[in-house]
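Here the structure is laid out as C-alpha cells; the discussion comes afterwards.
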Amino acid sequence: MRIYSFYYLLLVSIFLFSCTKPLEEKAYNTGINIVPQPASVVEMDGNFVLNANTVFVTHNDSLAHIASYFQKKIDLSTGYDLKTVSSATSNFISLKTDLALPLNEEGYTLTVTPNEVSIIGKTPQGVFYGLQTLLQLLPAEIESKAIVKNMAWTAPCVAIEDEPSYGYRGMMLDVCRHFLDADFVKKQLDIMAMLKMNRFHWHLTDDHLWAIEVKKYPLLTQSIRHNADGTTHQGFYTQEQIKEIVDYASERFITIIPEIELPGHALAALTAYPELSCTGGPFQLRNKWGIEENVYCAGNEETFAFIEDVLDELIPLFPGEYFHIGGDECVKKKWKACAKCQKRIQEEGLKDEHELQSYFVHRIEETVLKHNKKMVGWDEILEGGLAPSATVMSWRGEEGGIQAATMGHDVIMTPAKWLYVDHGQGGIEVEPIAINFVTLLEKTYGYNPASEKIPAELRKHVLGAQCNMWTEYATTPEYTEYLLYPRMLAVSELNWTPNEKKDYNSFEKRINNQLVRLDNHGINYHIPLPEGPMADVVTITVMDTITFNNTQNLPMHYTTDGSRPTVNSPLYKQPIVVNDDTQINIATFLPSGKMSRVREVSVVKDIPHPAYSGITTSGMKRARAEGEFYFVADTKDAQWSEPIVVEDFNYKPDLDSKGAYSYTGYFEVPEDGVYYLSTEMDELEINGEVVLSNDGKLIRHSHNRTSLALEKGKHPFRLLFINNNIGGYPRIWNNKGFYIAQKDSSLKPIENVSYKSQDNIASKQ
Ligand code: ACM
Ligand code: ZN
Numbered sequence: 000m001r002i003y004s005f006y007y008l009l010l011v012s013i014f015l016f017s018c019t020k021p022l023e024e025k026a027y028n029t030g031i032n033i034v035p036q037p038a039s040v041v042e043m044d045g046n047f048v049l050n051a052n053t054v055f056v057t058h059n060d061s062l063a064h065i066a067s068y069f070q071k072k073i074d075l076s077t078g079y080d081l082k083t084v085s086s087a088t089s090n091f092i093s094l095k096t097d098l099a100l101p102l103n104e105e106g107y108t109l110t111v112t113p114n115e116v117s118i119i120g121k122t123p124q125g126v127f128y129g130l131q132t133l134l135q136l137l138p139a140e141i142e143s144k145a146i147v148k149n150m151a152w153t154a155p156c157v158a159i160e161d162e163p164s165y166g167y168r169g170m171m172l173d174v175c176r177h178f179l180d181a182d183f184v185k186k187q188l189d190i191m192a193m194l195k196m197n198r199f200h201w202h203l204t205d206d207h208l209w210a211i212e213v214k215k216y217p218l219l220t221q222s223i224r225h226n227a228d229g230t231t232h233q234g235f236y237t238q239e240q241i242k243e244i245v246d247y248a249s250e251r252f253i254t255i256i257p258e259i260e261l262p263g264h265a266l267a268a269l270t271a272y273p274e275l276s277c278t279g280g281p282f283q284l285r286n287k288w289g290i291e292e293n294v295y296c297a298g299n300e301e302t303f304a305f306i307e308d309v310l311d312e313l314i315p316l317f318p319g320e321y322f323h324i325g326g327d328e329c330v331k332k333k334w335k336a337c338a339k340c341q342k343r344i345q346e347e348g349l350k351d352e353h354e355l356q357s358y359f360v361h362r363i364e365e366t367v368l369k370h371n372k373k374m375v376g377w378d379e380i381l382e383g384g385l386a387p388s389a390t391v392m393s394w395r396g397e398e399g400g401i402q403a404a405t406m407g408h409d410v411i412m413t414p415a416k417w418l419y420v421d422h423g424q425g426g427i428e429v430e431p432i433a434i435n436f437v438t439l440l441e442k443t444y445g446y447n448p449a450s451e452k453i454p455a456e457l458r459k460h461v462l463g464a465q466c467n468m469w470t471e472y473a474t475t476p477e478y479t480e481y482l483l484y485p486r487m488l489a490v491s492e493l494n495w496t497p498n499e500k501k502d503y504n505s506f507e508k509r510i511n512n513q514l515v516r517l518d519n520h521g522i523n524y525h526i527p528l529p530e531g532p533m534a535d536v537v538t539i540t541v542m543d544t545i546t547f548n549n550t551q552n553l554p555m556h557y558t559t560d561g562s563r564p565t566v567n568s569p570l571y572k573q574p575i576v577v578n579d580d581t582q583i584n585i586a587t588f589l590p591s592g593k594m595s596r597v598r599e600v601s602v603v604k605d606i607p608h609p610a611y612s613g614i615t616t617s618g619m620k621r622a623r624a625e626g627e628f629y630f631v632a633d634t635k636d637a638q639w640s641e642p643i644v645v646e647d648f649n650y651k652p653d654l655d656s657k658g659a660y661s662y663t664g665y666f667e668v669p670e671d672g673v674y675y676l677s678t679e680m681d682e683l684e685i686n687g688e689v690v691l692s693n694d695g696k697l698i699r700h701s702h703n704r705t706s707l708a709l710e711k712g713k714h715p716f717r718l719l720f721i722n723n724n725i726g727g728y729p730r731i732w733n734n735k736g737f738y739i740a741q742k743d744s745s746l747k748p749i750e751n752v753s754y755k756s757q758d759n760i761a762s763k764q
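Numbering (numbering that gives the first Met the number 0), first residue to last: 0 to 764.
Printed below as a string of C-alpha cells:
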C-alpha cells in the first residue's frame, strides 16, 4: 500500500511538473537573487545566453584552473562540454586579474552583456567569486548534478562591482559530539564556496571524541564512546583524508582552521593518555554533554611534551595561517586540588588558576609561533592575561571581542546570541530539540560584526564573523544541515555585504532561489513550520478559533479531512473556526513548491474534568525506586520507597545514581478552562491518565505538549522521573516538574501543590 501511494505521488508530481512553467520562468528564478548581495549591481537591458558554444577565455594558468572548476559544474547541469580558449569574439566568458582594481583582495567586477561576460578579479580568488556570482545570475538549476533538459540558461545583463566587507567569513563544525564524515564536510565546503565563505573552523577534539589521526599517539583515535543507552559512537579522519579535504577546500578558496582543544575539553586525550591528567584517571569518553572537570595537568611537563608533539605533527597538515587552541570552559577544580599544578603556580609566581591557564596558553603559543602560525582561542583566553599574538574568538557575547580589540588584538565575532546555529529557529512547540531557543533567521541576519560598542578606530581588528555548529543535539547529518541552513546564508551576507546595504526583506526573497540551489546539493534546510497552537492537541470547550503563522509569512495550505495538504489544498488566510473534533493538517510552502513537515493538530471538544473537592495539605509526595531504569516500562515492577513529603520539584539526585522518582499530589487551576501542559520528565498522569509521555526520548525544551479542559480547583497528578541519560542529556538537568498555562500565555512551572495523606504511590492515586 505504501509503495503504491509513493508511486502514485511520484506520477502526480511528474504530471504537475510537466504542466507548469519552464524552470527558468519559475518565480524563484525571476529577478536577481544573489547571496551574498554584491556591493554594487547595475542592471542593464538584455541577457547573455549560455549555450554549448560558450567558451571561457583566459591566458593565465591559475585562471584556467578556476575556469575548469566551473566548466565541470556547468557541464553537469547543462550537458555541455565547455572549453577554455585563448581568444574569442562572441559568446565568451573572459577571466582576468588586475592588481590595479580599486577593490580589496577578494574583489571583482562582473559585466554581463549579450555578447560576452567579463570577470576581472583583483586576485584569482576574486575571479572565483565573480564566477560564483555569474552562476547565481543563471537559473538555480545550474547547480544540478544531473542534466536539466530544455532550459534556457540566460543571465541578465548587469555591471557588478563587488568586494567583501570582511576577510574572515566562517563556519565552525563540531565533529566530536557527533562525528560527520569527509563527504559531509566536502558537501558543506561546496556550499560555503557558493556563498563566498572562506574559513572553515574544524573543531576536531573534545571531551567526547578525538577526531583526527595522530601517528605518534595512535590511542587518541581508538577510544569508543559508550552512550548511556548502550549504543556507541566513534569516528575520525585519517591524515590522508585531512589532506584531501584541505586540498578540496583550497580549490574553493577556503582556508581550514583546525582546533585542538586545550587545556580543557581534553577528556578524549586523557582517556587515551591518563597520565596527562591531574589525577591519573582512568577515564572514559564523556557520554553526557556539558563541561568536563578533568583537564590537562598544567603542572606536568609530559602534558606540554605531548601537546607539542601533537601540534608538530598536525600543524603542517594545514597550510592556513591560523591554528585554534580552544581555551574555553577550562574548569579549575582539578588544578586547585593537584599538587603539581599548585607547585607550578608557586614556582612561576602565578596569582591563581586563571593565571595558570594563561601560563598554559602562553607555552602553547610558542609552539604555534614556531610553526609560523597565528594562534586563535575562545574568549576565555583573555582571563589571566592574553597571549601576545592571540586572535580572540568572541563567543560568550561581544564583550570578549571588544576587550581584545581594545588591547589591539584581532578578533573573530561569533557571539552565541546571533551566531550559534545549534539554537532552534522557530517555536519550541514545533521545532526539533535544540540546545537553546530561539535564534531566528532574521536575528542572525541582523548581526553586525562591527559592533557599535567597539570604538570606530578599533573596528579594523574585527576580521569578520562565524557561525558555530555544535552537534550535541544534531544527532544526524540531516539535522545538522537543518540547523545550518538557511542561517548560513545570513552569515554569508552579514560578512560580505556592506552593513548599510543589508535588507532582510530582500534577503528573504532572494533565498527562495538559493534554496533551490541547496536542493540540488541535497541539503536538508529548515523550512518554517506552521506555529500558533501551543500544542498539537488543542482542547476546546466552546466554539473557538485556531490561528497559524510562520516565521517568514510564507503561504500555508491545510486540510481538515485527515489528508496530507498539498499546494492545491485551501490556503490558510484567517483563523480556522472550530466547534467540534477536527483534524487540521497544515504545512508551509516555498515558492519552489517544496513544503515543510506537515503539522498535525487535533482539535478535541471536551467538557472540563471535575475538580477534587476534598481536603488536602500543602506539599506533595516523592517516592524513589532503586534500579537501572531507562524506559517507563522498566519501572513496572519497581519497589517504591515509603514516600516523603516535599514542597517542590527542585530535587537533584546525584547525576550518576540510578533510580526513578515518582511525585504525586494535586495541582490547582484558578478557573474553569483549557490548560496547556508540558514536562521534560518521563511521564505525566493527570486524573489517572497519561497525558504526556517522553518515554525514552531526548527532551530538553519540551515541544511534547498537550491541553486539557479542567474545572476550577484541584486535580490529581503523578509525575515520573527516571534518573537516566538519554542522548547525552541527563534527565535531572530538566528536573523542574511540569508546566501549565492558559491559551496564548507562557508556560510556568507548577506551584502550590498539595497532597492527601492517605494516598500512596503504588496505587498511583
Ligand atoms: C564554546 O561554545 N564553548 C566555545
Ligand atoms: Zn595538575
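The beta carbon of each residue, even a glycine, is placed where N, CA and C say it ideally should be.
Cutoff 6 Å; reference residue i; Cβ partners in own chain excluding five residues on either side
{"i": "Glu-679", "result": "Ile-698, Ser-701, Asn-733"}
{"i": "Ser-692", "result": "Glu-682"}
{"i": "His-370", "result": "Ile-314"}
Beta-carbon spacing of residue i, residue j below 8 Å
{"i": "Leu-194", "j": "Val-34", "result": "yes"}
{"i": "Tyr-446", "j": "Ala-433", "result": "no"}
{"i": "Asn-523", "j": "Lys-144", "result": "no"}
{"i": "Lys-333", "j": "Asn-299", "result": "no"}
{"i": "Pro-715", "j": "Asn-686", "result": "yes"}
{"i": "Phe-648", "j": "Tyr-662", "result": "yes"}
{"i": "His-264", "j": "Asp-173", "result": "no"}
{"i": "Tyr-484", "j": "His-422", "result": "no"}
{"i": "Gly-383", "j": "Gln-356", "result": "yes"}
{"i": "Glu-258", "j": "Leu-203", "result": "yes"}
{"i": "Thr-443", "j": "Arg-395", "result": "no"}
{"i": "Leu-528", "j": "Gly-425", "result": "yes"}
{"i": "Leu-719", "j": "Ala-659", "result": "yes"}
{"i": "Met-191", "j": "Ile-290", "result": "no"}
{"i": "Leu-654", "j": "Ile-739", "result": "no"}
Residue i versus residue j - alpha carbon distance
{"i": "Thr-220", "j": "Phe-317", "result": "19 Å"}
{"i": "Asp-409", "j": "Val-391", "result": "6 Å"}
{"i": "Trp-495", "j": "Trp-377", "result": "23 Å"}
{"i": "Val-576", "j": "Val-437", "result": "29 Å"}
{"i": "Met-196", "j": "Pro-387", "result": "28 Å"}
{"i": "Val-689", "j": "Asp-180", "result": "41 Å"}
{"i": "Ser-17", "j": "Asn-149", "result": "Because the pLDDT of Ser-17 is 45, which lies under 50, any placement of that residue in the model is unreliable, and the number read from its coordinates should be weighed accordingly. For Ser-17 and Asn-149, the distance between alpha carbons rounds to 12 Å."}
{"i": "Asn-724", "j": "Tyr-557", "result": "38 Å"}
{"i": "Tyr-754", "j": "Lys-342", "result": "56 Å"}
{"i": "Ile-324", "j": "Glu-364", "result": "9 Å"}
{"i": "Val-375", "j": "Leu-381", "result": "11 Å"}
Extent of the continuous alpha helix (DSSP H) run through residue i
{"i": "Ile-241", "result": "238–250"}
{"i": "Tyr-478", "result": "476–483"}
{"i": "Phe-178", "result": "Premise fails: Phe-178 is in no alpha helix (DSSP H) and is neither H nor E."}
{"i": "Ile-510", "result": "503–519"}
First through last residue of the beta strand (DSSP E) which encompasses residue i
{"i": "Asp-161", "result": "153–161"}
{"i": "Asn-584", "result": "581–587"}
{"i": "Ala-708", "result": "704–709"}
{"i": "Asp-44", "result": "39–48"}
{"i": "Phe-547", "result": "Note, Phe-547: premise wrong, no beta strand (DSSP E); not H, not E."}
Residue i beta carbon near the ligand GDP (any heavy atom closer than 7 Å)
{"i": "Trp-334", "result": "This structure lacks the ligand GDP; the ligands present are the ligand ACM and the ligand ZN."}
Cut-off 7 Å between Cβ atoms - residues of its own chain near residue i, not counting five sequence neighbours on either side
{"i": "Arg-830", "result": "Any answer about residue 830 is impossible in this case: the structure gives the chain only from 0 up to 764."}
{"i": "Thr-405", "result": "Leu-457"}
{"i": "Gly-279", "result": "Pro-273"}
{"i": "Ile-606", "result": "Thr-540, Ala-708"}
Cβ shell of residue i (< 8 Å), same chain only, five flanking positions each side left out
{"i": "Ser-591", "result": "Lys-25, Tyr-27, Asn-511, Leu-514, Val-515, Asp-518"}
{"i": "Ser-505", "result": "Gln-36"}
{"i": "Asn-50", "result": "Tyr-79, Asn-90, Trp-152"}
{"i": "Thr-77", "result": "Leu-49, Ala-51, Ile-141, Ile-146, Val-147, Met-150, Trp-152"}
{"i": "Lys-56", "result": "As written in the sequence, residue 56 is Val, which differs from the Lys given in the question. Excluding sequence neighbours, Val-56 sits near Thr-83, Val-84, Ser-85, Ser-86, Ala-87, Phe-91, Ile-92, Ser-93, Leu-94."}
Q) Which whole runs of the alpha helix (DSSP H) in the region 295–348 are 4 residues long or more, in chain order? A) Here the runs fully enclosed are 300–313, 332–336, 338–346.
**Q.** Segments assigned beta strand (DSSP E), at least 3 residues, entirely inside the region 720–750
**A.** Taking 3 residues as the shortest admissible run, the region 720–750 contains the following complete beta strand (DSSP E) segments, listed from N- to C-terminal end: 737–741.
Q. What runs of the alpha helix (DSSP H), each 4 residues or longer, lie entirely inside the region 55–111?
A. Fully contained in the region 55–111 are the following alpha helix (DSSP H) runs of length 4 or more, in chain order: 60–77.
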